[in-house]
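K.L.:
Once you've had a glance at the structure underneath, I'll fire off some questions.
In the numbering used here, the protein residues as written are 626 to 815.
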């Protein structure tokens, strides 16, 4: 997707990228870009930094809140502070206008690879976070069993694991049931 308020730049880049083999959406404003992305997100977005209404930075922030889009900013300004601001907003690239298609294509390709890598890392972090939470819940349930049943840590863990296996359930689910039962008992005691 290309977003630029200059119709000549928009048309030139759209035509050049289509000739380079890309399916291209174009929008003359950030608001129009948001409308285009209501149901489907592009793999990459070339976004003008300064547009009337919503800025390119604001558009990028909104798009990135919705999906891992490879954002490459376009700007007539090569101000280092502006480049840094773009980078902190999640830019995967920054090109100074007028940018030639032969320069834009490598920037887009590199940005899409980097965006995919970041998405994979975030997915892995989420999976690890879930595993860690599961381990914490299992540890709490083991502690409950140790206290209530006067078991050793290994005996309590093996008991919970055996129960999960015999019921063909996840150990985390069994642990959560023990925690919930303990919470109900504690409320009843109050």
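No residue lacks a Cβ here, since even glycine has one placed at the ideal position from N, Cα and C.
Quantities reported herein were computed from a predicted structural model and do not represent experimental measurements.
#1: Taking Cβ positions, are residue 737 and residue 695 nearer each other than 7 Å?
#2: Is residue 755 helix, strand or coil by DSSP?
#3: Evaluate contact between the region 754-774 and the region 795-809, counting only Cβ atoms and requiring at least three cross-stretch pairs below 8 Å.
#4: If you measure between the beta carbons of residue 704 and residue 673, is that distance less than 7 Å?
#5: Among 634, 794, 735, 642, whose alpha-carbon lies nearest the alpha-carbon of residue 676?
#6: Is the CB-CB distance between residue 645 and residue 730 below 7 Å?
#7: Can you tell me which of 663, 639, 666 puts its alpha carbon nearest to the alpha carbon of residue 653?
#8: What's the gap between the Cα of residue 747 and the Cα of residue 717?
#9: Spell out a yes or no on whether the region 706-722 and the region 680-692 are touching, meaning 3 or more CB-CB pairs, one atom from each, closer than 8 Å.
#10: Give the range of the beta strand (DSSP E) segment to which residue 681 is assigned.
#11: Using 7 Å as the threshold, is the C-beta distance between residue 693 and residue 732 below it?
#12: What are the boundary residues of the beta strand (DSSP E) that includes residue 719?
#13: Tell whether a beta-carbon distance below 7 Å holds between residue 671 and residue 707.
#14: Taking the alpha carbon of residue 681 as the reference point, which residue from 667, 813, 780, 697 has its own alpha carbon closest?
#15: Run the CB neighbour count on residue 647, radius 10 Å, all protein chains shown included, and call it buried at 16 or more, exposed below.
#16: Helix, strand or coil for residue 764 per DSSP?
#17: By Cβ distance, which residues of its chain are closer than 7 Å to residue 679, with the 5 residues on each side in sequence left out?
P.N.:
To lay it out plainly:
#1: The sequence position of residue 737 within the chain shown is 112, counting from 1. The sequence position of residue 695 within the chain shown is 70, counting from 1. The answer is yes: Cβ separation under 7 Å.
#2: Translated into positions along the chain shown, residue 755 becomes position 130. In this structure, residue 755 counts as helix in the three-state DSSP scheme.
#3: As far as the Cβ criterion goes, the region 754-774 touches the region 795-809, which means the pair count is three or higher.
#4: The count along the chain shown starts at 1 and reaches residue 704 at position 79. The count along the chain shown starts at 1 and reaches residue 673 at position 48. The Cβ-Cβ distance between residue 704 and residue 673 does not fall below 7 Å.
#5: As a first step, residue 676 is located in the chain shown; it is residue number 51 there, counting from the start. Comparing Cα-Cα distances from residue 676 to each of 634, 794, 735, 642, the minimum goes to 634.
#6: For the purposes of this step, residue 645 is taken as residue 20 along the chain shown, with counting starting at 1. For the purposes of this step, residue 730 is taken as residue 105 along the chain shown, with counting starting at 1. Contact flag set, yes.
#7: Residue numbering aside, residue 653 sits at position 28 when the chain shown is read from its first letter. The candidate whose alpha carbon is nearest that of residue 653 is 639.
#8: Counted from its first residue, the chain shown places residue 747 at position 122. Counted from its first residue, the chain shown places residue 717 at position 92. Each residue's alpha carbon lies about 16 Å from the other.
#9: yes
#10: Taking the chain shown and counting its residues from 1, one reaches residue 681 at position 56. Where residue 681 is concerned, there is no enclosing beta strand (DSSP E), although the alpha helix (DSSP H) it sits in stretches over 681-691.
#11: Reading the chain shown from its first residue, position 68 is the one you call residue 693. Reading the chain shown from its first residue, position 107 is the one you call residue 732. With respect to the 7 Å criterion, residue 693 and residue 732 are not classified as neighbours on the basis of their beta carbons.
#12: As a first step, residue 719 is located in the chain shown; it is residue number 94 there, counting from the start. Note, residue 719: beta strand (DSSP E), 718-721.
#13: Walking along the chain shown from the start, residue 671 turns up at place 46. Walking along the chain shown from the start, residue 707 turns up at place 82. Cβ distance not < 7 Å, so residue 671 and residue 707 don't count as in contact.
#14: Here residue 681 is taken as the residue at index 56 of the chain shown, counted from 1. Of 667, 813, 780, 697, the residue nearest in Cα terms is 697.
#15: Against the chain shown, residue 647 aligns to sequence position 22. With 16 or more other Cβ atoms within 10 Å, it is buried.
#16: By one-based count along the chain shown, residue 764 stands at place 139. DSSP places residue 764 in helix when its eight states are reduced to three.
#17: Start at 1 with the first residue of the chain shown, and residue 679 comes out as number 54. Counting only Cβ-Cβ distances below 7 Å, and skipping sequence neighbours, we find 655, 656.
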